[in-house]
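Below: one structure, written as structure tokens.
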Amino acid sequence: MSNLSNKTKTIQRAVGVAADGVYGENTANAIISHLRPDTDAGQPMEMKEPEKFFSSIRSMFSGTLETSQVDGINAKLSSFGKACWPISWASYAMATSYHETAKTMQPVEEAYWLSDDWRKQNLRYYPWHGRGDVQLTWEYNYKKADEKLGLSGSLIANPERALEPKISADVMVYGMQEGWFTNHSLGQHLPDDLGTQEQFESARRIINGTDKKSEIAGIAKQFQDAFIAGKWRSK
């Protein structure tokens, strides 16, 4: 057995992964997490160097970020931070928004390219049709969101409020964390501070089975690199 393999095993034991002597993605992520002692579970989080975060993701938006995209991203960062989310969760949720909103990073309405009359005639759950970064759908889910977010019935009186960036981001937090959409939650698929390609692919089940799982996982890894660069840390 080579000296390098023995040293790798020593490092792996120190950071809490299987000591197989092979330096791979799991080992790399564990080392990074080990070197980041100020990401305490249960502590509100924030981006310490937002300029580095945005610089890292700009290429994902054809080199330019519109004000509306930045505003949408910041709304989500605020909600993720208050929820004390680790990098893996925040990265996957951001990738989900990127995919579901066609990169606008703003809440969208189901069949947004069609008229409200069309939705009324064709969607059997109207007016409780999909709205948000992640589509909040069905009356019982609107009622659940209204209660969880402390909206005192205003979301039921006006379902369009689900398109407000803060409300949409908070729905994403509760929905993905508690498994509202498919009974799969972030904790089931992303148990660590950093996620692997395989874990991000598995996390697609939180939203929509395995549809586009590899594509969205790749996006999540890009966001994860940006969260690391921007120093997503406890306050």
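Using my numbering, the first residue of the sequence shown is number 16, and each one after it goes up by one. Note that the Cβ used here is the ideal one computed from N, Cα and C, for glycine as well.
- Remark: C-beta atoms of Y157 and P174 approach each other more closely than 7 Å.
- One alpha carbon belongs to D131, the other to H114, and they sit about 23 Å apart.
- DSSP places S83 in the helix class (H, G or I) of the three-state scheme.
- Distance from the CA atom of G39 to the CA atom of S20, rounded to whole angstroms, is 12 Å.
- Cα atoms of G165 and I182: separation of roughly 11 Å, rounded to the nearest angstrom.
- Using a 10 angstroms sphere on the CB of D226, the tally of other CB atoms stays under 16, which defines it as exposed.
- Membership of R248 in the beta strand (DSSP E) is indicated by the continuous run W247 to S249.
- S83 and K118 have their C-alpha atoms some 11 Å from each other.
- When the alpha-carbon of T211 is set against those of Y127, S17 and Q237, the nearest one is in Q237.
- For M191, the enclosing alpha helix (DSSP H) stretches over residues P180 to E193.
- Between the stretch 74–94 and the stretch 190–205, the count of Cβ pairs shorter than 8 Å is below three; the stretches do not touch.
- Three or more beta-carbon pairs separated by less than 8 Å are not found between the stretch 139–151 and the stretch 58–66, which leaves the two stretches without contact.
- The shortest CA-to-CA distance from A126 to any of M120, S112 and Y141 is the one to Y141.
- Bridge partners of M120 according to DSSP: none are assigned.
- Burial check for T116: the Cβ neighbour count within 10 Å reaches 16 or more, so the residue is buried.
- If you draw a straight line from the Cα of S106 to the Cα of F215, it comes to about 9 Å.
- Here A241 is near I72, since their CB atoms are less than 7 Å apart.
- Following the DSSP letters along the chain, one finds E230 in no beta strand (DSSP E) but inside the alpha helix (DSSP H) bounded by residues K228 to A244.
- When DSSP states are grouped into helix, strand and coil, L92 belongs to the helix group.
- Non-local C-beta neighbours of S169 in its own chain, meaning closer than 8 Å and more than five positions away in sequence, comprise D161 and R176, ordered along the chain.
- For L170, the secondary structure class from DSSP, reduced to helix, strand or coil, is helix.
- Beta bridge pairing from DSSP links E61 with R248.
- A residue is called buried when at least 16 other Cβ atoms come within 10 angstroms of its Cβ; Q121 meets this threshold and is buried.
- Proximity to W100 across D207, V37 and I222 peaks at D207, based on C-alpha coordinates.
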